[in-house]
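Let me begin by presenting the structure, written as structure tokens, before commenting on it.
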Amino acid sequence: MVEGVKGVVSAVGEVVDRLTLPAREKKQLETDLMRVFVEWEQRVMEARSAVLLEEARGTWLQRSWRPMVMLTFAVIVLVGTFVSLPILDDTSRFWDLLEIGLGGYVMGRSGEKIVQAFTGKKRF
4 MVEGVKGVVS AVGEVVDRLT LPAREKKQLE TDLMRVFVEW EQRVMEARSA
54 VLLEEARGTW LQRSWRPMVM LTFAVIVLVG TFVSLPILDD TSRFWDLLEI
104 GLGGYVMGRS GEKIVQAFTG KKRF
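Residues 4 to 127, numbered by the working numbering, are exactly what the sequence shown covers, in order.
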């Protein structure tokens, strides 16, 4: 995410450089924009953290839905190696779903580890 913000700030910096403003005003505008982007990124991270904290405080099912979904995907792929399943065809959207699920699972587990490090509780 930081790379994305840096890219946006860099692009905005290029636009600011093309403006016909005094150098001091350009620098101030660039600084203000950077502050806005950093605050936005901080709010996004806080929101994600809040979601993970609420999920961690929830029931067993709330804490375990990602592993259960990924286990289901693994079973489908395993069964598909021995039996022909239409869901595993090359044109199937299953692979897109698996890719999204894997990305969400990895990010979710990373978030859980971060929450665990901050709270000092070993709940996962």
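By construction, the Cβ of each residue, glycine as well, lies at the ideal position given by its N, Cα and C atoms.
Q: Buried or exposed for Leu100, please, with buried defined as at least 16 other CB atoms from any protein chain shown within 10 angstroms of its CB.
A: An exposed status is given to Leu100, since fewer than 16 other beta-carbon atoms sit within 10 Å of its beta-carbon.
Q | Reduced DSSP secondary structure (H/G/I, E/B, other) of Asp93 | A | DSSP places Asp93 in coil when its eight states are reduced to three.
Q. If you compare alpha carbons, which of Gln45, Val15, Glu42 is closest to Leu32?
A. Closest by alpha carbon: Val15.
Q: Take the Cβ of Leu74 as the centre, count every other Cβ of all protein chains shown within 10 Å, and call the residue buried at 16 or more, exposed below.
A: Here Leu74 is exposed. Its C-beta has fewer than 16 other C-beta atoms within 10 Å.
Q: Quick one: residues in its chain with C-beta nearer than 7 Å to the C-beta of Glu58, no 5 flanking neighbours on either side, listed in chain order?
A: In its chain, beyond the 5 residues on either side, Gln65, Arg66 have a beta carbon closer than 7 Å to the beta carbon of Glu58.
Q: Helix, strand or coil for Phe127, going by three-state DSSP, please let me know.
A: For Phe127, the predicted structure reports a pLDDT of 44, less than 50, and the residue's modelled location is therefore unreliable. The matter cannot be settled from this model.
**Q.** Glu17 to Leu91 span [Cα, whole Å]
**A.** About 46 Å.
Q) What whole-angstrom Cβ distance do Gly104 and Val72 have, given they're in contact under 8 Å? A) Their Cβ separation, rounded to whole angstroms, is 6 Å, which keeps Gly104 and Val72 in contact under 8 Å.
Q.
Please list the terminal residues of the continuous alpha helix (DSSP H) segment that includes Ser87.
A. Careful: Ser87 lies outside any alpha helix (DSSP H) and carries neither H nor E.
Q | Distance between Gln45 and Asp20 (C-alpha atoms, nearest Å) | A | Taking the straight line joining both Cα atoms gives about 26 Å.
Q | Three-state class that DSSP yields for Pro70 in the structure shown | A | Helix, per DSSP.
**Q.** Burial state of Leu22, where buried means 16 or more other Cβ atoms lie within 10 Å
**A.** Residue environment analysis places Leu22 among the exposed positions, since fewer than 16 neighbouring C-beta atoms fall within 10 angstroms of its C-beta.
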